[in-house]
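Visitor:
In mature numbering (1 follows the signal peptide of the UniProt record, and there is no 0), the protein residues as written are -24 to -1, 1 to 510.
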């Protein structure tokens, strides 16, 4: 992200309005039996350059009907007026530059609204990302109230539902040379009505080696490196404010954190997904959609996480994006073809597989895989390829993290039918859709997930970072979710959904449920109205 210090004039600010859209025809919906109508009310355009993260995370305050958006291109918080959203207006009221807050940092990574006391918190990594970062508290107009120090690389934060605490995921990534690797941590911050938070209110909690199960996926060259690679990514909090659940993406795990005692309860691995049972397209060189079964395991490796309570039981929903460590000083990432001779072709998974299948770029050869895995025989050969991400979303029991449901091959199958030209694609340049270009990597890349209730039914919304668009499932029955619809803007104006915010009808400026979707590549926020169909 670039640090731009340009001062925006009042005239320029008032010109940054939403694009009025306000109809269902502006949205490409694919859901033959959907019970939800999706209409795009408006689009906020940050007017930043394509690919510079003009909008990343968005949070909403219903009291003042305004949203707060992280502008990575300008190292700023954009304050947006949503009071006239029903008229297609989504206006930039004010832009708060990081440099004007008097806080040194590399950028702003997340924003959260305290919905009881109506101030916001933002996370600010240090200029040297391995140093401890900051959290700043701002009033509704963006004026600095207080600031505190947290762990290294604060990447996401959220308030508890009772607005008494702020929980911060400090990712603690290593430097590129892999010579400095701070411990990942969670900061629990006691807040008050005024947002005047002192350092004594901050408790930064690190992991204990004793609590890490022996079967957790190892990552790094040594056991010590593997421990340091416990990197908190995203946080959700249960409805009772008892526990926070934190994704540990690279280690393919979730941590449970006790909010009353401010301590980790456990860390659990999420297991593996067999592509002998699910189909996938694993090559970007065959120039076609080619969904098949393969002797292959996938790590779920969730990024976003959400929670819901159904019949008194808490469930966790995860967006299984996938991620790897790929640094100058250490990389686990390679392609199957590059290590084809390191696989045991007589293993249970690979029996009957020819080495040519592993070397062929139109077969398994192009797929990215990890060299940091435990499926190894006595001779040191890998018994199965392991790839990054589940290309899906999952539902798990919060109590034991057991898998209740996984969407399997849905995302690739649905996008192939809905708009085959964008299948497993991405856009590095505006309007240049690179068909099938992500099949060899992580496919559609489910980045974020959020839940919301519409007309008595609970729905999950999952943003696909690469392919684009948003998947919607009815998850009222966690064991048997129902696909509702997949939608995205018809004009290709919203690219790479990063953050999602659901606003229920009671708190919505339109009195109807609204979904805000911030799009990192296009620098836009789409406001969708969601209507239940009878």
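Even for Gly, the Cβ is constructed at its ideal location relative to N, Cα and C.
One question on the structure: do residue 462 and residue 446 come within less than 9 Å of each other, judged by their Cβ atoms?
Guide: Here residue 462 refers to the residue found at position 486 of the chain shown. Here residue 446 refers to the residue found at position 470 of the chain shown. For residue 462 and residue 446, yes; Cβs fall inside 9 Å.
Visitor: Report, in whole angstroms, the separation of the C-beta atoms of residue 158 and residue 85, which I expect to be a contact under 8 Å.
Guide: Taking the first residue of the chain shown as position 1, residue 158 is located at position 182. Taking the first residue of the chain shown as position 1, residue 85 is located at position 109. Contact flag wrong, Cβ pair sits at about 16 Å.
Visitor: Can you give me the start and stop residues for the alpha helix (DSSP H) that residue 334 sits inside?
Guide: For this step, residue 334 is matched to residue 358 along the chain shown. Here the alpha helix (DSSP H) through residue 334 covers 331 to 335.
Visitor: Quick check on the burial criterion: 16 or more other C-beta atoms within 10 angstroms. Buried or exposed for residue 407?
Guide: The count along the chain shown starts at 1 and reaches residue 407 at position 431. Counting Cβ neighbours within 10 Å, residue 407 comes out exposed, since fewer than 16 surround it.
Visitor: So what's residue 312 in DSSP terms, helix, strand or just coil?
Guide: Walking along the chain shown from the start, residue 312 turns up at place 336. Residue 312: helix per DSSP, three-state reduction.
Visitor: What three-state label does DSSP hand residue 226 in the structure shown?
Guide: Position 250 of the chain shown, counted from the first residue, corresponds to residue 226. Of the three classes helix, strand and coil, the one that applies to residue 226 here is coil, per DSSP.
Visitor: Tell me the rounded alpha-carbon separation between residue -1 and residue 286.
Guide: The sequence position of residue -1 within the chain shown is 24, counting from 1. The sequence position of residue 286 within the chain shown is 310, counting from 1. For residue -1, the pLDDT reaches just 47, beneath the cut-off of 50, and the residue's location in the model is therefore unreliable, although a value from the coordinates is still provided. So the alpha carbons of these two residues sit roughly 30 Å apart.
Visitor: Just to confirm, are residue 68 and residue 18 a CB contact at a threshold of 9 Å?
Guide: Reading the chain shown from its first residue, position 92 is the one you call residue 68. Reading the chain shown from its first residue, position 42 is the one you call residue 18. Contact flag unset, no.
Visitor: Short check: CB of residue 14 to CB of residue 284, under 9 Å?
Guide: In the chain shown, the residue the question calls residue 14 occupies position 38. In the chain shown, the residue the question calls residue 284 occupies position 308. No, Cβ-Cβ distance for residue 14 and residue 284 is not below 9 Å.
Visitor: Decide if residue 342 is buried, meaning its Cβ has at least 16 other Cβ atoms within 10 Å, or exposed.
Guide: Here the question's residue 342 lines up with position 366 in the chain shown. The residue in question, residue 342, is buried, as its Cβ has 16 or more Cβ neighbours within 10 Å.
Visitor: Under the criterion of a Cβ to heavy atom distance below 8 Å, does residue 334 qualify as lining the ligand NAP?
Guide: By its list of ligands, the structure shown contains no ligand whatsoever, and the ligand NAP lies outside what it can speak to.
Visitor: At what residues does the beta strand (DSSP E) containing residue 85 begin and finish?
Guide: As a first step, residue 85 must be located in the chain shown, where it is residue number 109. Unbroken run through residue 85: none, as it is neither H nor E.
Visitor: Any contact of the stretch 304 to 313 with the stretch 377 to 393, i.e. 3+ C-beta pairs under 8 Å?
Guide: Touching, no.
Visitor: Could you confirm whether any beta carbon from chain D is found closer than 9 Å to the beta carbon of residue 467?
Guide: In summary, chain D is missing from the structure at hand, where a single protein chain is found.
Visitor: Helix, strand or coil, according to DSSP, for residue 495 in the structure here?
Guide: Along the chain shown, read from residue 1 onward, the residue named residue 495 stands at position 519. In the structure shown, residue 495 sits in a strand (DSSP, three-state: E or B).
Visitor: Just to confirm before moving on: does the CB-CB distance between residue 127 and residue 212 stay below 9 Å?
Guide: On the chain shown, position 151 is the one that residue 127 refers to. On the chain shown, position 236 is the one that residue 212 refers to. Cβ atoms of residue 127 and residue 212: not closer than 9 Å.
Visitor: With a floor of 3 residues, list each beta strand (DSSP E) that falls wholly inside the stretch 183 to 218, ordered by position along the chain.
Guide: Whole beta strand (DSSP E) segments, 3+ residues: 208 to 213.
Visitor: Between the stretch 242 to 262 and the stretch 168 to 179, do three or more beta carbon pairs fall short of 8 Å?
Guide: Judged by Cβ distances under 8 Å, the stretch 242 to 262 makes no contact with the stretch 168 to 179, as fewer than three pairs qualify.
Visitor: Mind checking residue 510: buried by the 16 CB within 10 Å criterion, or exposed?
Guide: Walking along the chain shown from the start, residue 510 turns up at place 534. Exposed, because fewer than 16 other Cβ atoms sit within 10 Å of the Cβ of residue 510.
Visitor: Go through its chain and collect everything with a Cβ distance to residue 199's Cβ below 7 Å, but skip five positions before and after it.
Guide: Within the chain shown, numbered from 1, the residue matching residue 199 stands at position 223. Cβ neighbours of residue 199 beyond the five flanking positions: none.
Visitor: Check the DSSP bridge columns for residue 112 and list the partner residues they point to.
Guide: Walking along the chain shown from the start, residue 112 turns up at place 136. According to DSSP, residue 112 bridges with 98, 123.
Visitor: How about residue 413 and residue 260: do their beta carbons lie closer than 9 Å?
Guide: Taking the chain shown and counting its residues from 1, one reaches residue 413 at position 437. Taking the chain shown and counting its residues from 1, one reaches residue 260 at position 284. Result yes, Cβ atoms of residue 413 and residue 260 sit closer than 9 Å.
Visitor: Within a Cβ cutoff of 6 Å, which residues of the same chain sit near residue 324, ignoring the five residues on either side of it in sequence?
Guide: Your numbering for residue 324 matches position 348 in the chain shown. Around residue 324: no qualifying Cβ.
Visitor: Cα-Cα, which of 437, 95, 71 is closest to residue 55?
Guide: Within the chain shown, the letter at position 79 stands for residue 55. The candidate whose alpha carbon is nearest that of residue 55 is 71.
Visitor: Just how far apart, CA to CA, sit residue 82 and residue 148?
Guide: Residue numbering aside, residue 82 sits at position 106 when the chain shown is read from its first letter. Residue numbering aside, residue 148 sits at position 172 when the chain shown is read from its first letter. Rounded to the nearest angstrom, the two C-alpha atoms are 14 Å apart.
Visitor: Is the beta carbon of residue 368 less than 9 Å from the beta carbon of residue 380?
Guide: Stepping through the chain shown from its first residue, residue 368 is reached at position 392. Stepping through the chain shown from its first residue, residue 380 is reached at position 404. Not closer than 9 Å, so no.
Visitor: Under a Cβ-count criterion, where at least 16 other Cβ atoms within 10 Å of its own Cβ denotes burial, should residue 434 be classed as buried or exposed?
Guide: Numbered from 1 along the chain shown, position 458 holds the residue referred to as residue 434. With 16 or more other Cβ atoms within 10 Å, it is buried.
Visitor: Rounded to whole angstroms, how far is the Cβ of residue 3 from the Cβ of residue 436, which I believe are closer than 8 Å?
Guide: Within the chain shown, the letter at position 27 stands for residue 3. Within the chain shown, the letter at position 460 stands for residue 436. Between residue 436 and residue 3 the Cβ distance is about 18 Å, and since that is not below 8 Å, they are no contact.
Visitor: Does the separation of the CB atoms of residue 162 and residue 145 fall below 9 Å?
Guide: Stepping through the chain shown from its first residue, residue 162 is reached at position 186. Stepping through the chain shown from its first residue, residue 145 is reached at position 169. For residue 162 and residue 145, yes; Cβs fall inside 9 Å.
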